[in-house]
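J.:
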Amino acid sequence: MSRHHKVSDLGTLEPEMKGKIRQRIFCDQHPEDEIRLVCKNCKALICVLCKTIMHENHASETVSDAAAEVKKNIQIKMNRCSDKVRRITDSEREADALDKKINDAEMKEIKALEDQRLQLIKVIDQEVAKMKDKLQNVYKDLRQQNAALKRRMKEEQEKCSTATDNARQIIDQGTDIDIIKKGSDLEQLLLQQ
Ligand SMILES: [Zn+2]
Ligand SMILES: [Zn+2]
């Protein structure tokens, strides 16, 4: 038991001494005397004799008062720790709720973008349809103009052929009188071609 009897420094109390403080522990200097006091100045566990000899003018308190004080301080710190755990738990719940809000907001924004995309496609499709319409009208006009040109060319060709056929018939089969009578008209007709 002697190794427990030395005057201990409070700062170096080891965990294994918990609960043993209430046992009767004797002073190293004065083996007959039980440790009953704590010298506040020296932060040392002492006996009554130590107090009168070496710590006379030092502030001291009983071991049970000192232990009660330590317990009180530890309890305060434990309570603070419990409060902190509760606060963190609350914060974690809030962070989880925030997760849901973040996801919902993201989905909403993405859906809005998708709606915008569809709206833009609709507008573009309408514009392209209008432009196609205009183009088709332009080419329809060109086709009609070209058809009219071809019709006129055909008519000219037919007129020219008819005039040539008439002229050849008169020249080949007509009498000199016929040729003289119709000649200037035919020349006129051929000239127009
Ligand atoms: Zn002593
Ligand atoms: Zn002292």
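Under numbering that gives the first Met the number 0, the sequence shown has 151 at position 152, and the numbering climbs by one with no breaks.
Here a beta-carbon is modelled for each residue, glycine too, at the ideal position from N, C-alpha and C.
1. In terms of DSSP beta bridges, what is Thr61 paired with?
2. Which residues does DSSP pair with Cys46 in a beta bridge?
3. Is there contact between the region 47-61 and the region 95-110, where contact requires at least three CB pairs shorter than 8 Å?
4. Can you find a heavy atom of ligand 1 that lies under 8 Å from the Cβ of Ile24?
5. Quick one: is Ala146 near chain D, going by C-beta distance under 9 Å?
6. At a cut-off of 8 Å, is Arg57 close to ligand 2 when judged by its beta-carbon and the heavy atoms of the ligand?
7. How many Å lie between Ile52 and Asp64 at the Cα?
8. Less than 9 Å separating the beta-carbons of Ile34 and Val69?
9. Does ligand 1 have a heavy atom nearer than 8 Å to the CB of Ile45?
10. Use the C-beta contact count for Ala147: other C-beta atoms within 10 angstroms, 16 or more gives buried, fewer gives exposed.
11. Give a single yes or no on whether His241 has its beta carbon closer than 8 Å to a heavy atom of ligand 2.
12. Hey, out of Lys39, Glu157, Ser81, whose CA is closest to Ala66's CA?
13. At the level of alpha carbons, what is the spacing between Ile169 and Gln144?
14. Is the beta carbon of Asn40 within less than 8 Å of some heavy atom of ligand 2?
15. Counting C-beta neighbours from all protein chains within 10 Å, is the total for Val127 16 or more, i.e. buried, or is it exposed?
16. Is it right to say Glu186 is buried, meaning 16 or more other beta carbons lie within 10 angstroms of its own, or is it exposed?
T.: For this structure:
1. Leu36
2. Ile34
3. no
4. no
5. The structure shown contains no chain D; it holds only a single protein chain.
6. Sequence check: residue 57 is His here, not Arg. Yes, since a heavy atom of ligand 2 falls inside the 8 Å radius drawn around the Cβ of His57.
7. 22 Å
8. no
9. yes
10. exposed
11. Residue 241 lies beyond the stretch modelled for the chain, which goes from 0 to 192, so this question has no answer here.
12. Lys39
13. Their backbone Cα atoms lie some 38 Å apart in a straight line.
14. yes
15. The residue is exposed, with fewer than 16 neighbouring Cβ atoms inside 10 Å.
16. exposed
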